[in-house]
């Protein structure tokens, strides 16, 4: 982990070389308002690359932290995006880029929602306002975007594994760059992080791990690991680092910036070095340190980066640091939407809005799930609910409050969440796993081996299915149908709107076996939820509309899955309206189920003499619901052998879809109304 002696930015100094923050006049600022006008940031504006930090004094670095934090507040107001975590790592980011020679040295961010400051300091300051916009910067580090982004991320708990791989490859090539991994306490609960730490000790790798402990992931961190970190901090002691890199147990300087002295009820006496989890694994451990004290960070990291073997530096930060509202509400300020543009007519608009008749907003699909969860729990005491650290995002806050003994947040451990549900199901209860589509990929082996193979009674509520707009390719749930429908014993439902989602959740819950209901991010169409909960016939589709002439020579069956039903309806209507001279009929069918398919309806369509079939889904075409229709017709349909309609599958092409607004992403894939109409015209021609 030692740096090359020739490195121009190899700052290595003794503890006395840095003044403490208390000795410096330029103390960090706290802001209460997100600026609407670009603030003056003279020091920040002079940084084109991290090497420009070389000649900064410690006092200038502290001033730079104020400027960078204020600039992040301004840019977040312009673009929206991840907020609190970025404010919390300003000082750490500055210290790392001051001490390391990036991109030669490898800085590896975990998840990446705290990497905005890193992007600003690495030549992307003027582009940061484009973040999460189409053709703009990505919301996470991405190798194709910058040489300073050493590893593309978006999912949690990968940094130590990736950094270890880099370190071992560098050692094999006889190179000595520093590899520094920054991981949060929430991400550290992921099993992959522990697997990597275990291997780092086994390999005796030169690896610097910085544990950024803010007692949060998206929501508050939970579990035994979080409790362990809390006790290390609450003890009032720390493992300091000497000038020679040796651990020294001493009283920790008073950290008045933190108000979490009672994170857990458990308290204990001063921990001995051998009591530390990381030391027990085999890491050299130092900490905890104040992650907002730039002189302290410089002192500690300048020594730690020269040590051999696996080293972990434990720092404490405040999520939302420097912005008072975010410090008080770190969950609410995990991410923010862009601020509306202020105009001269704002006051008049607000008056008009106040006097207008208000309509009830459409529910988010996560809210529909949360409502179902609570409603069902009242009538069925066997219902238990599991989430891998997505209580807020999955709409489970109310359930967790009302039924705490039936709510299980397992932290960022998707694999464990699935097998935990399998174990519960063996004891006669009904577990529901609430999980994002893109995160279920991590628990795929467990879904097959532990749930489906044993045909256990587990239901998966799969949120964020389909494209997810500004979060981009890392979070898009566009592969779930393909990897789920090939698993035996699996039922898969795809609701068209909020009401159907509610009743399909109920149908799959009542089914004895392995089921999944997939629904998208965001709000629905505004469909009212009818009560009481209904039971739909499994595998039965619904004909939504029939447009055109029944005697037409061309008959198109448009088979829509999930929320594409609304798009199919409008596209069919536009198709008929735009081409009034054409002689064809269009049936729009809400397939409702991906597995099992409504084979009786497919046979009926063939018997009616349908000449064209188009499938529509917000999922990759390869292996998706359209593929399921193709497979049935080719392999099982007797009628298809006698009558061959022309078939077209409409969905997401075989590429990762870049971030942008939901409308831009749909248009990019040809899944907006205009794109679907165009493809249907091509099919019918």
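Residue numbers (our numbering): 199 to 883. Cβ atoms here follow ideal geometry from the backbone N, Cα and C, with glycine treated the same way.
{"query": "Identity of the residues DSSP links to residue 688 by a beta bridge", "result": "712"}
{"query": "Residue 622 classed as buried or exposed, judged by whether at least 16 other C-beta atoms fall within 10 angstroms", "result": "buried"}
{"query": "Close beta carbons around residue 706, own chain, < 8 Å, minus the five adjacent residues each side", "result": "657, 689, 691, 713, 714 and 715"}
{"query": "Contacting residues, own chain, Cβ-Cβ under 8 Å from residue 727 (five flanking each side not counted)", "result": "561, 566, 569, 696, 697 and 700"}
{"query": "Cα-Cα separation, residue 326 to residue 655", "result": "47 Å"}
{"query": "Whether residue 439 touches residue 391 by CB criterion (8 Å)", "result": "no"}
{"query": "Length-filtered (3 minimum) beta strand (DSSP E) runs lying within the segment 563–623", "result": "581–585 and 605–607"}
{"query": "Per-residue DSSP class, three states only, for residue 734", "result": "coil"}
{"query": "Where residue 399 falls: helix, strand or coil (DSSP)", "result": "helix"}
{"query": "Cβ shell of residue 222 (< 8 Å), same chain only, five flanking positions each side left out", "result": "Any answer about residue 222 is weak, because its pLDDT of 47 lies below 50 and its placement is not dependable; what the coordinates show is given next. Once the five neighbours on either side are set aside, the close Cβ partners of residue 222 are 256, 257, 260 and 493."}
{"query": "Residue 300 versus residue 591: straight-line alpha-carbon distance, rounded", "result": "35 Å"}
{"query": "Any 3 or more C-beta pairs closer than 8 Å across the segment 747–757 and the segment 779–798", "result": "yes"}
{"query": "Same chain only: Cβ atoms within 6 Å of residue 773, ignoring 5 sequence neighbours per side", "result": "875 and 878"}
{"query": "Residues near residue 722 by beta carbon distance below 8 Å, same chain, minus five either side", "result": "560, 561, 562, 563, 566, 695, 696, 699 and 761"}
{"query": "Residue 488 versus residue 410 - alpha carbon distance", "result": "10 Å"}
{"query": "Residues near residue 213 by beta carbon distance below 6 Å, same chain, minus five either side", "result": "Confidence is the limiting factor: at residue 213 the pLDDT is only 41, short of 50, which leaves the residue's position unreliable and the question unanswerable from this model."}
{"query": "Span separating the alpha-carbon of residue 580 from that of residue 609", "result": "23 Å"}
{"query": "Under the three-state DSSP convention, the category residue 476 falls into", "result": "helix"}
{"query": "Residues near residue 604 in its chain [Cβ-Cβ closer than 6 Å; skip 5 each side]", "result": "582"}
{"query": "Counted within 10 angstroms of its Cβ, other Cβ atoms place residue 867 as buried (16 or more) or exposed", "result": "buried"}
{"query": "Classification of residue 776 by the beta-carbon crowding that lies within 10 angstroms, buried from 16 upward", "result": "exposed"}
{"query": "Integer-rounded CB distance, given that residue 615 should sit under 8 Å from residue 595", "result": "Rounded, the Cβ-Cβ distance is 18 Å, inconsistent with contact."}
{"query": "8 Å contact criterion, which residue 404 and residue 507 should meet: CB distance rounded", "result": "7 Å"}
{"query": "Run of the alpha helix (DSSP H) containing residue 492, from where it starts to where it stops", "result": "492–502"}
{"query": "Residue 597, buried or exposed, once every other Cβ within 10 Å from all chains shown has been counted against 16", "result": "buried"}
{"query": "Straight-line Cα distance separating residue 636 from residue 375", "result": "33 Å"}
{"query": "Buried versus exposed, by CB contacts within 10 Å (16 or more), residue 234", "result": "exposed"}
{"query": "Selected residue, minimal CA-CA separation from residue 476, among 271, 522, 394 and 659", "result": "394"}
{"query": "Residue 230 classed as buried or exposed, judged by whether at least 16 other C-beta atoms fall within 10 angstroms", "result": "exposed"}
{"query": "Cβ distance (whole Å) where residue 678 is taken to contact residue 663 below 8 Å", "result": "6 Å"}
{"query": "For residue 758: DSSP bridge partner residues", "result": "788 and 814"}
{"query": "Residue interval of the alpha helix (DSSP H) (run including residue 359)", "result": "357–370"}
{"query": "Burial state of residue 787, where buried means 16 or more other Cβ atoms lie within 10 Å", "result": "buried"}
{"query": "Buried or exposed (CB count within 10 angstroms, at least 16 for buried), residue 267", "result": "buried"}
{"query": "Buried or exposed by the 16-neighbour rule on C-beta atoms within 10 Å, applied to residue 854", "result": "exposed"}
{"query": "Residues that DSSP places opposite residue 410 in a beta bridge", "result": "382 and 513"}
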